[in-house]
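A.B. asks: Okay, handing you the structure first.
Residue numbers (UniProt numbering): 1 to 185.
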């Protein structure tokens, strides 16, 4: 019991401090080659939750090692993560990272991207982002999309194209989304 209480106090201390710098969400991807290669004939990834869990855990450990030891975002002060499983779904992790130094506004674009990569410069990244990271279509493009509430998307999609990252009135960031059809000014 003492160990549980100690852990709770440590988490409360982290929560009481300044807000974490990064929150990263990671989901298992059933098309990972490590999963596909281990499936028996006729099996689907949904048949092998044990395999998905092992591959996901190894990739998560590697990602956390890269973030904390390689200091890709900067020197890490502290970090924590939780893994959740939902019915009929695969694992996902929520990672909180606090850096020793505060993030400067100029550094935001080095770590957070809300743009589809240029197909000419990075065709593989373009394909991945186009296939897995675009929400919808909802809003005026599809009023019957499941997320729609009172003729609006509660997730604020489809977002406007803007040249620079800004902070909205409610405090949320509006990330740079340059129009791919126009030259940057």
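Yeah, the Cβ is synthetic: ideal placement off N, Cα and C, and Gly gets one too.
Whole-angstrom Cβ separation of residue 192 and residue 176, contact assumed at under 8 Å?
C.D. replies: Residue 192 lies beyond the stretch modelled for the chain, which goes from 1 to 185, so this question has no answer here.
A.B. asks: Pick from 173, 90, 64: whose alpha carbon is nearest that of residue 50?
C.D. replies: On the chain shown, residue 50 is found 50 positions in, with the first residue counted as 1. Among 173, 90, 64, the Cα nearest to that of residue 50 belongs to 90.
A.B. asks: Using only alpha-carbon positions, find the residue among 132, 93, 109, 72 that is nearest to residue 163.
C.D. replies: For this step, residue 163 is matched to residue 163 along the chain shown. Measuring from the Cα of residue 163, the nearest candidate turns out to be 109.
A.B. asks: Under the rule that 16 or more other beta-carbon atoms within 10 Å means buried, what is residue 140, buried or exposed?
C.D. replies: By 1-based counting over the chain shown, the position of residue 140 is 140. So residue 140 ends up on the exposed side.
A.B. asks: Using CA coordinates, which residue listed in 111, 79, 83 is at the minimum distance from residue 98?
C.D. replies: As a working note, residue 98 is residue 98 in the chain shown. That would be 79, whose Cα lies nearest to the Cα of residue 98.
A.B. asks: Output needed for residue 169: all residues of its chain with C-beta closer than 7 Å, excluding positions within five of it in sequence on either side, in chain order.
C.D. replies: Along the chain shown, read from residue 1 onward, the residue named residue 169 stands at position 169. Same-chain partners within the cutoff: there are none.
A.B. asks: I need the boundaries of the alpha helix (DSSP H) containing residue 41, first residue and last residue.
C.D. replies: Residue 41 sits at position 41 when you count from the first residue of the chain shown. No alpha helix (DSSP H) holds residue 41; DSSP gives it neither H nor E.
A.B. asks: Looking only at C-alpha atoms, which of 86, 46, 178, 73 sits nearest to residue 161?
C.D. replies: Residue numbering aside, residue 161 sits at position 161 when the chain shown is read from its first letter. Cα-wise, what sits closest to residue 161 is 178.
A.B. asks: What does a CB cutoff of less than 7 Å around residue 200 pick up in its chain, not counting 5 residues either side in sequence?
C.D. replies: Only positions 1 to 185 of the chain appear in the structure, and residue 200 is not among them; the question remains open.
A.B. asks: Out of 86, 85, 71, which has the shortest C-alpha to C-alpha gap to residue 111?
C.D. replies: Within the chain shown, numbered from 1, the residue matching residue 111 stands at position 111. The shortest C-alpha separation from residue 111 is found at 71.
A.B. asks: Beta strand (DSSP E) containing residue 54: first to last residue?
C.D. replies: The count along the chain shown starts at 1 and reaches residue 54 at position 54. From DSSP, residue 54 is part of no beta strand (DSSP E) but of the alpha helix (DSSP H) over 49-69.
A.B. asks: I need the DSSP call for residue 116, collapsed to helix, strand or coil.
C.D. replies: Residue numbering aside, residue 116 sits at position 116 when the chain shown is read from its first letter. Coil.
A.B. asks: On the DSSP bridge list, what partners appear for residue 174?
C.D. replies: The residue given as residue 174 occupies position 174 in the chain shown. BP columns for residue 174 point to 166.
A.B. asks: Which term fits residue 55, buried or exposed, when burial requires 16 or more other beta carbons within 10 angstroms of its beta carbon?
C.D. replies: The sequence position of residue 55 within the chain shown is 55, counting from 1. With 16 or more Cβ atoms within 10 Å of its Cβ, residue 55 is classed as buried.
A.B. asks: Taking residue 106 as part of the beta strand (DSSP E), name the residues at either end of that continuous run.
C.D. replies: Reading the chain shown from its first residue, position 106 is the one you call residue 106. Here residue 106 belongs to no beta strand (DSSP E), and DSSP marks it neither H nor E.
A.B. asks: List the endpoints of the continuous alpha helix (DSSP H) containing residue 128.
C.D. replies: Residue mapping note: residue 128 aligns to position 128 of the chain shown, counting from 1. Looking at the DSSP string, the run of the alpha helix (DSSP H) that includes residue 128 is 123-132.
A.B. asks: For residue 172, count the other beta carbons within 10 Å of its own beta carbon; 16 or more makes it buried, fewer makes it exposed. Which is it?
C.D. replies: What you label residue 172 is simply residue 172 of the chain shown in a count that begins at 1. Residue 172 is exposed by the Cβ-count criterion.
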